[in-house]
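The structure appears right after this line, and notes come after that.
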Amino acid sequence: MRRLPSWWPTVLFFAAVTSMPLWMHDGYVLQLVFRVIVFAVLGIAWNFVGGYAGQLSLGHVAYFGIGAYAMTLSTERIGWSPWFGVVLGAVLAAVMALLIGGVTFRLRGPYFTLSTIAAAEIIRVLVQNQDELTHGAVGTNAPLLFQAPDLDAKFFYGAMPLLGGAFALASWIHGSRFGYRLRAIRENENTAMAVGVNPAVDKLLALLPSAMVTALAGSIYASYFSFVGPDTVLTLEISVQAALIAMLGGAATVWGPILGSIVLTLTAEIFKTYFEHTHLVVYGLLLIVVVIFLPGGVISLFQRRWKFRREAGPIGAQQ
Amino acid sequence: MHARRRFVLAVAALALAACQQSKPGRIGIITALSGSQQAFGQAHDRGYDMALEEINASGGVLGKPLEIVKYDDQSKADIAASGVSKLVDQDKVSALVGSYSSESTKAIVPLVARRGVPLLMPTATADNVLENTQGWSFRLCSGATDYSNAMVKFWKDAGVPKSVAIVYENTNFGQANGAAMKKAATEANIPIATEESYTAKSPSYTAMLQKVKEKSPDAIYFASYLLDATSLMHQSRQVDLNPRYFTAAGTGFSTAEFPTEEKGAGKDADYTFSVTQWMPESKWPGSAQFAEKFKAKYGVTPAYHAVQAYVALKVMAQAVKNAGKWDPVAIRDALKAIDMPDTIFGPVKFDARGQNLHPVLVTQIQKGKYVIVNPKSEATGDPILPTPKWSER
Amino acid sequence: MQWLQAFLNGLLVGGVYALIASGMALIFGVMRLVNFAHGAFLMLGTYLSFYGWTLLGLNPYLAFPLWGAVLFAVAVGTYWLLVRRVMGANDFLQILLTEGISLALIGLAQLVFGADYRQINLPIANRITSLGPLHFSVGYILSFAVSLALVIALQQFLSRTEMGRAIRAVAQNRTVAPLMGIRVERVSAITFGLGIACAGVAGALLLPVFWTNPTVGGPYTLKSFVIVVLGGMGSVQGAALGGLLLGVAEQFTAYTWADRYAEVVNFVIFLAVLLFRPQGLFGGK
């Protein structure tokens, strides 16, 4: 059942957003949209594991941080171009995914979630304490992936292909047999095994691209803001944001994380500008509201309107 | 989805239009008004407000009242970075002051260079914040290396310890200062008895302090905030740790609350030495009056963070006046050349790297009060040495 | 000798951990609810204790039953408004809901109390007593004693009272319990209330020897999970012993390796237990 609406709106959307630097000259707005894009990528990547496969990971920041740090440290210590560092970051994230996934996927439900938190926290503590290698808690400036002038526009143009690629990957997964297998695992892992699915392998197969895309997002984010530090790219909050964005928008959908990122990032920014100090409360209340009233995510609003056949809900049958 | 984006763009466009209307230029301020560093951000906020009041009471800048625009970085480096964008691109400020933490400050240094706007850093002490400034950033306060050097100089005057144990909190402040002392002690040929780093979340430091005690250090150098400073002193007593010197890299050990019973270590704080950037008792002109005015207005004695903010805004305002116009390049050049010998923070003059050569004070708490003991030219009293053992107090 | 000191200090700290984790074990064992808001409620307990002392002069070591009662009420209210809607639903939704509650509480605390750190200086808490070469903080001894007393009281409540039996029945079999005339919803509400009250009281007891700010609870949520897993999911006795064990493990790590790695010990134990002995040290429920 193809979720994707017909071609045109999608192309239009991407074209409109990509062209923004040409007609929007306000650096602040561009920067805001850049953040929306990067977090949408994060949400889409998380979705492979969290939405489709139903494994609620709250440790994805590990991959985000690996991407950011790999790029920064390889440029600094080995003298490579930051782009090599970006690739290195993705590769290391894949390796870490095998390691972390290998350990955590043996667990189910809340145990799995907790173990992902534990894994990410271990990485954060190690990075924070190995200050000889990583600059520890002080952090350091991240290298630029593009040259001035017009950096805002260039970063924008750099982020769009990432979004496009993640979107394409998500679309493919959504309609493919792999995607069906993931959903089967999400619904009931034991039953899935009974019909010949191998959850251990498929979960890892979902985690690999998820981790790599997350690492790419981490690299570009750190480079744009010129900074890496354990409190910036390795926090639990980023993991929660990834899950929240996908959940809020509509887990196990292709557009969901994009919607979720738009809603979350813009709401947080508006609240920050007009009602200081409230962003945590906003996050918290949003989570509560979504869980209770919109477990299908924001996209379920559109689904009802467009009368698309609604799936049973992104997280399984609802009571 | 489309409607929302249009709304945002409309707001942005309006904001842009509104900005074009107003001349003269403005100074942007980034600090931690919320989040984990809120307490320090608030000290900054108050310092900035007081400075603004005084500047405008004496005629403003270039004939008009000075306007500042504040941005809350929520104690996060990436938000601080986006603050630069908002303040410079949207609010069209001509100069920036901020932020609070070394992380947030370090994040904005390359961005102000990219945008060609001068930045004055009031408080960040990590040594690496002055890297990559490309001439656009200046630092008012002393850095971690200056702290350690000042402490070592004090030791040379008062009696070099046979060894030093470095105990620091595991955050950017702690790590920066721990590393700086390690370097300074090594250069001064003082053996390092041990290095211990802790997390403020630990319920008890006794195990760590016990380890330190076993190395019998002659001096201990702490880099801690107020809470851990308090616990560390109480638990040092519990563990009966008795070095010749208890010393510290400022912050927790130099706040007004630290010697108090209700909010600090009370009597356990006595005899500790600390570096500090400023005290109400310092001899710089106007210090005592500033402290009184601040206390009258806000009810608390100002810590040096408030003073740094206050002086930073005044220095920046003076730079604009010297430049004669709201042009970022001219303001930057004015900062490079500035020479203000009589601020309440001591003389302000930046070296080639953008660092203000600010003298660091060393204080000791004696009977619950801070006494400045070094350098001799600023001292208000003599140090009490050696530190009496816990059992003898 | 220093090992003995580290061991005993670990036990003292572990007492409070035991109380926090018992609350978590109760909630998880009976309601099968993964409560990510546990630490946030602990934080509320610390603030109640803080304002109780600074504004009303109420000593935390005496006023803790009051704070427990307040948190019990708050928890039952939260249950009726929010938590019961996800009972029986997917883990996903439960985790997200409780995480949402946690964030909202922390955010509110930042707004209302400010993000500043707070501590109190209770003269009695800062005293040191000595037993030969061993020194102990009186504050920790008191916190330990009260926590342990409460843990034991909780266990007695569960084994000897009718409500306690009802709770255990629901823990054993939620579907069948109603057939025995047990009102499961009511039991769930009370369990949640009790579990949160444990966290809150632990917070109140922790304040004299520690500090607070809106984010103080986070590590304790994780710690509670670690302990509950260590002790055996849902076992309240297991959680108590697990708490003591974790306290000792942390102090040993701080002593032999480094204080900053003590938090890593939490995660390593957690993963190790889940992988190698998932039923915990003390078996199943």
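Chains as they are written, first to last, in the working numbering: chain A, 1 to 319; chain B, 1001 to 1393; chain C, 2001 to 2285.
Even for Gly, the Cβ is constructed at its ideal location relative to N, Cα and C.
Chain B contact residues for residue i, given Cβ-Cβ distances below 7 Å
| i | result |
| --- | --- |
| Y2255/C | A1207, Q1210 and K1211 |
| W2211/C | L1227 |
| A2258/C | E1196 and S1197 |
C-beta contact flag for residue i and residue j at 8 Å
| i | j | result |
| --- | --- | --- |
| M1121/B | Y1310/B | no |
| A1124/B | S1101/B | yes |
| P1355/B | L1096/B | Note on residue identity: the sequence assigns Gln, not Pro, to residue 1355/B. For Q1355/B and L1096/B, no; Cβs fall outside 8 Å. |
| L1977/C | V2016/C | With chain C running from 2001 to 2285 in the structure shown, residue 1977/C is simply not present. |
| A153/A | P21/A | yes |
| I1220/B | F1253/B | no |
| P295/A | I44/A | no |
| L2011/C | V2248/C | yes |
| L287/A | G2107/C | no |
| T278/A | A93/A | no |
| F64/A | A252/A | no |
| V2076/C | G2193/C | yes |
| W1136/B | A1113/B | yes |
| V1305/B | A1077/B | Reading off the sequence shown, one finds His at residue 1305/B, where the question assumed Val. The answer is no: Cβ separation not under 8 Å. |
| P1191/B | S1163/B | yes |
| S1082/B | T1031/B | no |
| P199/A | Q128/A | no |
Sequence-distant residues of its chain with Cβ nearer than 7 Å to residue i (five each side left out)
| i | result |
| --- | --- |
| Q1238/B | T1206 |
| F39/A | Q241, I245, S261 and T265 |
| H2135/C | I2128 |
| A206/A | F48, V49, Y52, A53 and L182 |
| W2211/C | Y2117, R2118 and Q2119 |
| S1022/B | Low confidence applies to S1022/B: its pLDDT is 41, below 50, so where it sits in the model is not reliable, and the reading given next is rough at best. Same-chain partners within the cutoff: there are none. |
| A2037/C | T2098, I2101, S2102 and L2105 |
| F2282/C | G2231, G2232, S2235, Q2237, G2238 and L2241 |
| F2064/C | V2146, V2201, A2204 and L2205 |
| V2371/C | What the structure shows of chain C is the stretch from 2001 to 2285, and residue 2371/C is not part of that stretch, so it cannot be assessed. |
Cutoff 8 Å; reference residue i; Cβ partners in own chain excluding five residues on either side
| i | result |
| --- | --- |
| T2191/C | L2026, I2027, V2030, M2031, I2167 and V2170 |
| P1259/B | A1265, G1266, A1269, D1270, I1365, G1368, K1369 and Y1370 |
| P1328/B | S1094, A1095, G1116, V1117 and P1118 |
Within chain A, partners of residue i - CB distance below 7 Å
| i | result |
| --- | --- |
| F2267/C | A118, E121 and I122 |
| L1111/B | S226 |
| I2095/C | L56, P110 and T113 |
| E2263/C | V125 |
First through last residue of the alpha helix (DSSP H) which encompasses residue i
| i | result |
| --- | --- |
| N129/A | G109 to N129 |
| G2181/C | No alpha helix (DSSP H) holds G2181/C; DSSP gives it neither H nor E. |
| K1182/B | N1172 to E1187 |
| S1085/B | A1077 to S1085 |
Same chain only: Cβ atoms within 6 Å of residue i, ignoring 5 sequence neighbours per side
| i | result |
| --- | --- |
| A1256/B | T1301 |
| A2109/C | P2214 |
Integer-rounded CB distance, given that residue j should sit under 8 Å from residue i
| i | j | result |
| --- | --- | --- |
| G250/A | S300/A | 6 Å |
| M2024/C | V2216/C | In fact, because the Cβ distance is near 16 Å, the residues do not count as touching under 8 Å. |
| T232/A | G158/A | Actually they are not in contact, since the Cβ atoms of T232/A and G158/A sit about 19 Å apart, beyond 8 Å. |
| A1165/B | V1212/B | 5 Å |
| V41/A | L163/A | 5 Å |
| Y2061/C | F2113/C | Their Cβ separation, rounded to whole angstroms, is 22 Å, which puts Y2061/C and F2113/C out of contact at 8 Å. |
Chain-ordered chain C contacts of residue i [CB-CB under 7 Å]
| i | result |
| --- | --- |
| G109/A | D2091 |
Under 8 Å by beta carbon: chain C residues contacting residue i
| i | result |
| --- | --- |
| A1039/B | G2114, A2115, D2116 and Y2117 |
| V61/A | Under the 8 Å cutoff, chain C gives no residues; its nearest Cβ is about 14 Å from V61/A. |
Contact set between residue i and chain A, taken where Cβ atoms lie within less than 9 Å
| i | result |
| --- | --- |
| A2189/C | What A2189/C touches in chain A: nothing, since even the nearest Cβ is about 17 Å away. |
First through last residue of the beta strand (DSSP E) which encompasses residue i
| i | result |
| --- | --- |
| V2151/C | Per DSSP, V2151/C belongs to no beta strand (DSSP E); it is in the alpha helix (DSSP H), V2138 to R2160. |
| A1374/B | As written in the sequence, residue 1374/B is Asn, which differs from the Ala given in the question. Counting along the chain, the beta strand (DSSP E) containing N1374/B begins and ends at K1369 to N1374. |
| S2130/C | I2128 to L2131 |
| V49/A | Where V49/A is concerned, there is no enclosing beta strand (DSSP E), given that its DSSP letter is neither H nor E. |
| S1197/B | I1192 to Y1198 |
Beta-carbon neighbours of residue i, restricted to chain A and to distances below 8 Å
| i | result |
| --- | --- |
| S2102/C | G284 |
Under 8 Å by beta carbon: chain B residues contacting residue i
| i | result |
| --- | --- |
| T2215/C | S1036 |
| P2219/C | K1201 |
Chain-ordered chain C contacts of residue i [CB-CB under 9 Å]
| i | result |
| --- | --- |
| N1322/B | Correct list: empty, because the minimum Cβ distance to chain C is about 37 Å. |
| T1255/B | Those do not exist, as T1255/B stays about 12 Å from chain C at its closest Cβ, beyond 9 Å. |
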